[in-house]
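Have a look at the structure below before the remarks.
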Amino acid sequence: MLLGHSGMPETSIHYSDKYYDDKYEYRHVILPPEMAQSVPKTHLMTETEWRNLGVQQSLGWEHYMVHSPEPHVLLFRRPTKAI
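Add 9 to the 1-based position in the sequence shown for my numbering, that's all there is to it.
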């Protein structure tokens, strides 16, 4: 269980800073562990599915990988913009 600064269970969604490679911009989103049961186990989520969970981010993000040991950690990417 994640605990917030007050020592109470953490119930909010946390967003990582963005990180990059030569093709993509990445971020991970950490859901409260009790929300893990809402993450599909059979497929990667569509934008509609992750938005329905309460994830809020700009357009273009793709749920691209499942981190099996921590199903409440969602991995997202989007192509970097051409300069």
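Where a beta carbon is used, it is the ideal one built from N, C-alpha and C, also for glycine.
With a cut-off of 8 angstroms, do at least 3 Cβ pairs link the stretch 39-53 to the stretch 74-87?
-> yes
8 angstroms CB neighbourhood of Tyr8 in its chain, flanking five on each side removed | Residue 8 falls outside the range modelled here, since the chain spans only 10 to 92, and no answer is possible.
With a cut-off of 8 angstroms on the beta carbons, I'd call Tyr35 and Tyr28 a contact; round off their distance for me.
-> Position 26 of the sequence shown, counting from 1, holds the residue named residue 35. Position 19 of the sequence shown, counting from 1, holds the residue named residue 28. Indeed they touch by this definition, with Cβ atoms about 5 angstroms apart.
C-alpha gap between Leu11 and Asp31, whole angstroms = As a first step, residue 11 is located in the sequence shown; it is residue number 2 there, counting from the start. As a first step, residue 31 is located in the sequence shown; it is residue number 22 there, counting from the start. Low per-residue confidence applies at Leu11: pLDDT is 46, beneath 50, and the placement is therefore not dependable enough to give any value.
Cβ neighbours of Ser21 in the same chain (closer than 6 angstroms, five flanking residues each side left out) | Counted from its first residue, the sequence shown places residue 21 at position 12. If we look at Ser21 and ignore the five residues flanking it on each side, it has no Cβ neighbours.
What's the C-alpha gap between Glu43 and His37?
-> As a first step, residue 43 is located in the sequence shown; it is residue number 34 there, counting from the start. As a first step, residue 37 is located in the sequence shown; it is residue number 28 there, counting from the start. Going from the Cα of Glu43 to the Cα of His37 covers about 17 angstroms.
When we look at the beta-carbon of Leu68 and count the other beta-carbons within 10 Å, is it buried (16 or more) or exposed?
-> Within the sequence shown, numbered from 1, the residue matching residue 68 stands at position 59. Answer is exposed; the Cβ neighbour count stays below 16.
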